[in-house]
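Peer 1: Dropping the structure in here first, questions after.
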Amino acid sequence: MPDAITAEGLVKKYGDVAALDGMELTVPEGTVFGLLGPNGAGKTTTVRILTTLLRPDAGHATVAGFDVVRDAGRLRAHIGVSGQYAAVDDHLTGAENLEMVGRLYHLGAGRSRRRARELLERFDLAEAADRPVQGYSGGMRRRLDLAGALVAAPPVLFLDEPTTGLDPRARIGLWDVIAELVAEGTTVLLTTQYLEEADRLADRIAVVDHGRVIALGTADELKDRVGGERVELSLADAASLEGAARTLAPLAAGDVRIDAAALRVTIPVADGVTALTRALGRLATERITVRDAGLRRPTLDDVFLSLTGHQADDKTEETVR
Amino acid sequence: MNALRLAVADGMTIARRNALKIRRAPDLLGGVVMLPIVFVLLFTYVFGSMIDVPGMSYGEYLLPGIFVMTIVTSAQITGYTLTQDLQKGVFDRFRTLPMSPSAVLTGQTVSDVIMNVTSIVTMALVGLVAGWRIRSTPAEAALGFLMLLLFAYAFSWVTATVALALRTPEVFNNLATILSFPLVFLSNAFVDSTRLPGPLKAVAEWNPVSTLVQAARELFGNTSPALPVPAAWPLRHAVPVSLLWSLLLLVVFVPLATRLYNRAVSR
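Residue numbers (the numbering used here), protein chains in the order written: chain A, 1 to 321; chain H, 322 to 588.
Right, here's the structure in full:
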């Protein structure tokens, strides 16, 4: 399978600060690649270089077979871009926004109009088609922006944090739309701060920090590196921490961690709910009082903590109680 | 070979977008239609009743000045729109499209011409109601309107350059207001510049706004033999010098704005 996107040794500096420091990635045609990382990790800079908005200081990259610097003009006919700031015109209607994009892709007036209606229908915006975008909700705007990226049915699609700032319902709606596109064979490069989003959409995920890829793999591979699910227990007093850790050691799939300040014991487990039940049973037998218990899935924070030793800037915790 | 046709087509697409925006945005539309009406009526009736110009009515003397003042102030809409688009990421989308890179600025300035035609027609009509008269031949009058539009077009590129250098709508608006007032008031738009004190007189007589106002007065026939003849060279050859000014602004600011645009969007 040929590669739709390649990047080798991309460097971009702003003064002394390196936004990108040897970025490498390869995305085979028809797959979804997720760039996962906190704000400032270099995700957006990567997308800006790959979509010809920025020139790299060093390294080179190709998209759909075109060099991002030398063939920038021709490359643009083969990509669609949807950013985190829904770049749509407030005073124009949804239809007018999409028609304008169609004309700028040089589809011609008639085709632009038909394509606009088609996309509005598909993105559930047909009713709002002739209303100015001013009155649209955040989710509607984002859908319109995404529709704008699809006007010319490009083979490669860049989605820069497509769901940041959306409410959960709008987010899931957008995920469904993206999944459909992928099923049709579009190659997608997606940036996100949410592991769950990458998990749901991406075939392969690159974890990015300080402008380079620090880990690469499928969602499952990454989660395994973090240690999969863990049981987290908060105790009533510090004196019982050691005893609890000893009691729970046989259930652990790895090292038991003690956080004395938070009165917390964390045990990596293989069989989530069963392990949680057993852990609570064992502690009850030992008469150790548990104040709070939960089963935690790995979050972006965990991936970061385990890969870099430092905390990600964004808190995206998800706890099943 | 196709590049020029694409550039024109893309420029028209962007111009159409901006024209739609102005029609829908009450604040922009107000600047294009309401403000000129208010200017014409206020200046004609408030100042017109107080100020005497030898040999003609002040209202008639004044209207070419109002035309030019409106052109200078409404050119700020160009800059304001550009800074807003710059902040909202609209240009990022444009730059990922296979469109002509020059289309954003040509489209913007062309839509400003449409805007200027609207406001000049509005002012001329309100002016005619308020007593303004064209006393020249139709050909001269047509040349007068074309000259105003050409200057307006050239001046859009000046505000585009300033806007792209400043990049934020608030900063641009403040600076544009601070600069445009002296530009308009230190001229012959409202007063006879030959009667200003020494240094102010020199500034006013060489101010391109004065040249344009003088040229417009001559082409619309709004002059009087009773008025003192200005001695300054640009005012004695107002029509050709106005055209020269417009061309000079275009030659300097089209490439400058284009360069700043490319720099502003590639961060």
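C-beta: ideal position from N, C-alpha, C; glycine also.
1) With distance defined between alpha-carbon atoms, name the residue in H:399, H:329, H:323 nearest to residue 578 (chain H).
2) Run through chain A and tell me which residues come within less than 9 Å of residue 416 (chain H), C-beta to C-beta.
3) Give the C-beta separation of residue 265 (chain A) and residue 241 (chain A) to the nearest angstrom, bearing in mind that I take them to be a contact with Cβ-Cβ under 8 Å.
4) Near residue 12 (chain A), what residues of its chain come up, given a Cβ to Cβ distance below 6 Å and the 5 sequence neighbours on each side ignored?
5) Which value, in whole angstroms, describes the spacing of the CA atoms of residue 559 (chain H) and residue 473 (chain H)?
6) Is residue 341 (chain H) near residue 92 (chain A), with beta carbons less than 9 Å apart?
7) Under DSSP, the alpha helix (DSSP H) around residue 563 (chain H) begins and ends at which residues?
8) So, with DSSP's three-state summary, where would you put residue 194 (chain A)?
9) Compare the C-beta of residue 136 (chain A) against all C-beta atoms of chain H and say whether one is closer than 9 Å.
10) Find the residues of chain A that neighbour residue 336 (chain H), judging by a C-beta separation of less than 7 Å, and give them in chain order.
11) Cutting at 6 Å between CB atoms, please list the residues of its own chain near residue 329 (chain H), excluding the five before and the five after it.
12) Does any residue of chain H bring its CB to less than 9 Å from the CB of residue 22 (chain A)?
13) Whose CA, out of A:304, A:3, A:246, A:161, lies closest to the CA of residue 28 (chain A)?
14) Specify, as a first and last residue, the run of the beta strand (DSSP E) that residue 488 (chain H) falls within.
15) Taking the beta carbon of residue 124 (chain A) as the centre, do at least 16 other beta carbons fall within 10 Å, making it buried, or is it exposed?
16) What does residue 28 (chain A) pair with, by DSSP beta-bridge criteria?
17) Would you mind reading off the limits of the alpha helix (DSSP H) that contains residue 274 (chain A)?
18) With a cut-off of 8 Å on the beta carbons, I'd call residue 34 (chain A) and residue 190 (chain A) a contact; round off their distance for me.
19) Which residue's Cα is closest to the Cα of residue 201 (chain A): A:42, A:182, A:207, A:110?
20) Give a yes or no on whether 9 Å exceeds the smallest Cβ distance from residue 413 (chain H) to chain A.
21) Which first and last residues belong to the alpha helix (DSSP H) in which residue 144 (chain A) is found?
22) For residue 576 (chain H), count the other beta carbons within 10 Å of its own beta carbon; 16 or more makes it buried, fewer makes it exposed. Which is it?
23) Just to check my reading of the structure: residue 525 (chain H) and residue 517 (chain H) have Cβ atoms closer than 8 Å, yes? What is that Cβ distance to the nearest angstrom?
24) Residues in the same chain with beta-carbon distance under 8 Å from residue 486 (chain H), minus the five sequence neighbours each way, listed in chain order, please.
25) Would you say residue 106 (chain A) lies against chain H (beta-carbon separation less than 9 Å)?
26) Out of A:268, A:101, A:262, which has the shortest C-alpha to C-alpha gap to residue 256 (chain A)?
Peer 2: The short version:
1) Translated into the one-based positions of the second sequence, residue 578 (chain H) becomes position 257. Of the candidates H:399, H:329, H:323, the one whose C-alpha sits nearest the C-alpha of residue 578 (chain H) is H:399.
2) As a working note, residue 416 (chain H) is residue 95 in the second sequence. Within 9 Å Cβ-Cβ: 51, 52, 53, 76.
3) Counting from one through the first sequence, the residue named residue 265 (chain A) turns up at place 265. Counting from one through the first sequence, the residue named residue 241 (chain A) turns up at place 241. Here residue 265 (chain A) really is in contact with residue 241 (chain A); their C-beta atoms are around 6 Å apart, less than 8 Å.
4) The count along the first sequence starts at 1 and reaches residue 12 (chain A) at position 12. Exclusion of the five residues before and after residue 12 (chain A) leaves 19, 20, 45, 56, 57 as the residues of its chain whose Cβ lies within less than 6 Å of its Cβ.
5) Within the second sequence, numbered from 1, the residue matching residue 559 (chain H) stands at position 238. Within the second sequence, numbered from 1, the residue matching residue 473 (chain H) stands at position 152. Between residue 559 (chain H) and residue 473 (chain H), the C-alpha separation is close to 16 Å.
6) Within the second sequence, residue 341 (chain H) is the residue found at index 20, counting from 1. Within the first sequence, residue 92 (chain A) is the residue found at index 92, counting from 1. It is a contact, given that the beta carbons lie within the stated cut-off.
7) Within the second sequence, numbered from 1, the residue matching residue 563 (chain H) stands at position 242. Segment 559 to 586, the alpha helix (DSSP H) holding residue 563 (chain H).
8) Along the first sequence, read from residue 1 onward, the residue named residue 194 (chain A) stands at position 194. Residue 194 (chain A) falls in the coil class under three-state DSSP.
9) Stepping through the first sequence from its first residue, residue 136 (chain A) is reached at position 136. At least 9 Å separates the CB of residue 136 (chain A) from every CB of chain H.
10) Against the second sequence, residue 336 (chain H) aligns to sequence position 15. In chain order: nothing, as chain A lies at least about 11 Å away.
11) For the purposes of this step, residue 329 (chain H) is identified with residue 8 of the second sequence, where counting begins at 1. Nothing meets the Cβ criterion.
12) Locating residue 22 (chain A) in the first sequence gives position 22, where the first residue counts as 1. Cβ-Cβ to chain H under 9 Å: no for residue 22 (chain A).
13) As a first step, residue 28 (chain A) is located in the first sequence; it is residue number 28 there, counting from the start. Each of A:304, A:3, A:246, A:161 was checked against the Cα of residue 28 (chain A), and the nearest Cα belongs to A:3.
14) Counting from one through the second sequence, the residue named residue 488 (chain H) turns up at place 167. Run containing residue 488 (chain H): none; DSSP gives neither H nor E here.
15) In the first sequence, residue 124 (chain A) corresponds to position 124, counting from 1. That one is exposed.
16) Position 28 of the first sequence, counted from the start, is the residue given in the question as residue 28 (chain A). Answer is A:3, bridged to residue 28 (chain A).
17) Residue mapping note: residue 274 (chain A) aligns to position 274 of the first sequence, counting from 1. Note, residue 274 (chain A): alpha helix (DSSP H), 272 to 285.
18) Working through the first sequence from its first residue, we reach residue 34 (chain A) at position 34. Working through the first sequence from its first residue, we reach residue 190 (chain A) at position 190. Contact holds; Cβ gap of about 5 Å.
19) On the first sequence, position 201 is the one that residue 201 (chain A) refers to. Comparing Cα-Cα distances from residue 201 (chain A) to each of A:42, A:182, A:207, A:110, the minimum goes to A:182.
20) Walking along the second sequence from the start, residue 413 (chain H) turns up at place 92. Cβ-Cβ to chain A under 9 Å: yes for residue 413 (chain H).
21) For the purposes of this step, residue 144 (chain A) is identified with residue 144 of the first sequence, where counting begins at 1. Here the alpha helix (DSSP H) through residue 144 (chain A) covers 138 to 150.
22) Indexing the second sequence from 1 puts residue 576 (chain H) at position 255. The residue in question, residue 576 (chain H), is exposed, as its Cβ has fewer than 16 Cβ neighbours within 10 Å.
23) Translated into positions along the second sequence, residue 525 (chain H) becomes position 204. Translated into positions along the second sequence, residue 517 (chain H) becomes position 196. Residue 525 (chain H) to residue 517 (chain H), Cβ: 6 Å. Contact.
24) As a working note, residue 486 (chain H) is residue 165 in the second sequence. Here the set comprises 581.
25) Within the first sequence, numbered from 1, the residue matching residue 106 (chain A) stands at position 106. Yes, its Cβ sits closer than 9 Å to a Cβ of chain H.
26) The count along the first sequence starts at 1 and reaches residue 256 (chain A) at position 256. A check of alpha carbon separations from residue 256 (chain A) across A:268, A:101, A:262 identifies A:268 as the nearest.
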